[in-house]
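For the sequence shown, the numbering used here gives the first residue as 1373, with consecutive numbering after it. Glycine included, C-beta positions come from ideal geometry on N, C-alpha and C. None of the values given here were measured: they were computed from a predicted structure.
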Amino acid sequence: MQVYKLILKILYKNRTSMMIYMGVFLFFAILSSASSNNSEITTLTSTKIKYGIINSDQNSEIVKGLESYLNKQAILVSLPKEKEKQQDALFFRKVEYILEIPNGFTDSIMNGENVELAKTTVPDASSTVFMDMLVNKFLNTTKIYSGHAQNLTQKEIVQHVQSDLSKMTPVVFQNDSKGKNDNFFAGYYFKFLTYSQFSILILGICSVLIVFNNTDLKKRNYASPMKLRNINLQLILGCVSFAIISWIVTIIPSFFMYKSVMTTKTGAILLISSFLFTLTALSISFLIASFIKSRNAMTAAANVVSLGSSFIGGVFVDQMFLGKNVLTLGSFTPTYWYVKAVDSLVKLNQFHYVDLKPVLNNLLVVVGFGISALMICLVYLKQKRQSF
């Protein structure tokens, strides 16, 4: 097993550059895990909006009741009477919503008439919708009481309205969503794995084949008593062993960071998917290494292939945010189809064949890339050997 031992020595000699890519991968993986642990929503609190009221009507119980109800959900700010200063208050965000109560408002609402209140708001502010909802709830409920209980005084109507509107529906957050969040974060981990695997395998395989493709070493191998077939088998065994070790090292942290996912069917399929991608990356690395002549070109190829395929394949930026032309270009890389498979997998709740079919189809495309790269590599090496 002299050839196999030589491959291990070559890989060990080039361990520094490969460890850098592994370190980058682990850094972002741990960062992603830390953010997933802090992503659980436990409480929901409302934000109080600053608003003002311009009252041109009498200071009736209805107006006081409206103001009292709004003050529970918002903050009342006193406003000057000048229109220009009111606009300045909106511009500088001292208030976000100004409600204008016209003259005769109380009489109209007590007679059951439809009343529309003028408002001035910050343009395109989401708070406008919330304040409109509060005002409409109060006015509609008040109109119901004034139209159907005419013997009630304004004060009694306001008391009934505030009692009705004070009823709240409790909101409970179910913790079972955390498991689904863990699936997505595990998916991010296994998507980012493609970057490190491509980089490490290209650097490792290229460093090995640069040595074995040396003309003098080739001549010695042909003249050695060891059969060429035996040399090639040990070469393949060494490279496959390197790929498997690289895959094992990259997946080990996932068992510590995503225990709840890795012991499920989702975790098992993620492992299988990443292993298939590793074999495909190995085939592509063989193909690239067949054309690489120097170590500078080796580093450049590793950066271009790993970074390029990660950007256009949806590793660094989700595919839903990429343009149509970028996705079309990305579809010519195995990374794109692997990411599609992972994205489909982490959304699954059931694992019947119909549910898994999109995942399996995408993985078949990934495997197809690997087989195609291997066949092209074998044809090229055969022609090269004949011309040697």
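| Query | Result |
| --- | --- |
| Give the secondary structure of Gly-1424 by DSSP, where H, G and I count as helix, E and B as strand, and everything else as coil. | strand |
| Could I get the ranges of all uninterrupted alpha helix (DSSP H) runs contained in the stretch 1485-1549, with 4 residues as the minimum, in chain order? | 1499-1520 and 1526-1537 |
| Ordered along the chain, which non-local residues of its own chain (more than five positions away) have a Cβ less than 8 Å from that of Tyr-1423? | Leu-1442, Ala-1446, Ile-1447, Leu-1448, Val-1449, Val-1467, Glu-1468, Tyr-1469, Ile-1470, Leu-1471 and Met-1503 |
| What does the alpha-carbon distance come out to for the pair Gln-1769 and Gly-1476? | For residue 1769 there is no data in the structure shown, the boundaries of the chain being 1373 and 1760. |
| Leaving aside the five residues before and after Pro-1810 along the sequence, list all residues of the same chain whose C-beta is less than 7 Å from its C-beta, in chain order. | The shown model of the chain, from 1373 to 1760, leaves out residue 1810, and the question about it has no answer. |
| Counting pairs of Cβ atoms below 8 Å between the stretch 1528-1539 and the stretch 1630-1640, do you hit three or more? | no |
| My assumption, with CB atoms under 8 Å, is that Ile-1660 sits in contact with Cys-1578. Please give the rounded CB distance. | 7 Å |
| Are Ile-1572 and Tyr-1393 touching if we call contact CB-CB under 7 Å? | yes |
| Between which two residues does the beta strand (DSSP E) containing Tyr-1708 stretch? | Unbroken run through Tyr-1708 is the alpha helix (DSSP H), 1706-1718; no beta strand (DSSP E). |
| Look up Glu-1472 in the DSSP assignment and give the residues it is bridged to. | Ile-1426 and Ala-1490 |
| To the nearest angstrom, how far is the alpha carbon of Arg-1601 from that of Leu-1654? | 20 Å |
| Under the three-state reduction of DSSP, which class applies to Thr-1414: helix, strand or coil? | Caution is warranted here: a pLDDT of 49 is assigned to Thr-1414, below 50, making its placement in the model unreliable, and the coordinate value is therefore given only provisionally. If DSSP states are grouped into helix, strand and coil, Thr-1414 belongs with coil. |
| Rounded to whole angstroms, what is the Cα-Cα separation between Lys-1712 and Phe-1627? | 22 Å |
| Per DSSP, which residues does Leu-1448 bridge with? Please list them. | Tyr-1423 |
| Buried or exposed: which applies to Met-1390, given that a residue is buried once 16 or more other Cβ atoms fall within 10 Å of its Cβ? | buried |
| Rounded to whole angstroms, what's the CA-CA distance from Leu-1524 to Met-1540? Just pull it up for me. | 25 Å |
| Among residues of its own chain, excluding the 5 on either side of Asn-1508, which ones have a beta-carbon nearer than 7 Å to its beta-carbon? | none |
| Spell out a yes or no on whether the stretch 1698-1711 and the stretch 1673-1687 are touching, meaning 3 or more CB-CB pairs, one atom from each, closer than 8 Å. | yes |
| In the DSSP assignment, the alpha helix (DSSP H) including Met-1634 goes from what residue to what residue? | 1631-1634 |
| What residue from Thr-1500, Ile-1402 and Met-1482 has the CA that sits closest to Ala-1490's CA? | Thr-1500 |
| In this structure, does DSSP put Asp-1479 in helix, strand or coil? | helix |
| Whole angstroms is fine: what's the gap from Lys-1550's alpha carbon to Gln-1691's? | Only weak support exists for where Lys-1550 lies, its pLDDT of 47 falling under 50; the value from the coordinates is given anyway. Looking at the two C-alpha atoms, the distance is approximately 23 Å. |
| Are Val-1738 and Tyr-1710 closer than 7 Å when you measure CB to CB? | yes |
| Closer than 6 Å by C-beta to Asn-1410: which residues in its own chain qualify, once you throw out the five before and the five after it? Chain order, please. | Bear in mind that the predicted position of Asn-1410 carries a pLDDT of just 48, short of 50, making it unreliable; the figure below should be weighed with that in mind. Hits under 6 Å: none found. |
| Exposed or buried, Ile-1620, counting other C-beta atoms within 10 Å across all chains shown (16 or more means buried)? | exposed |
| Span of the alpha helix (DSSP H) holding Gln-1459? | 1455-1463 |
| Among Phe-1614, Ser-1678, Lys-1455 and Pro-1495, which one has its Cα closest to the Cα of Ile-1379? | Phe-1614 |
| Buried or exposed: Leu-1565, going by 16 or more other Cβ atoms within 10 Å of its Cβ? | buried |
| Take the Cβ of Ser-1645 as the centre, count every other Cβ of all protein chains shown within 10 Å, and call the residue buried at 16 or more, exposed below. | buried |
| Kindly indicate which three-state DSSP category Leu-1694 falls into: helix, strand or coil? | coil |
| Would you report the Cα separation of Gly-1559 and Ala-1674, rounded to the nearest angstrom? | 23 Å |
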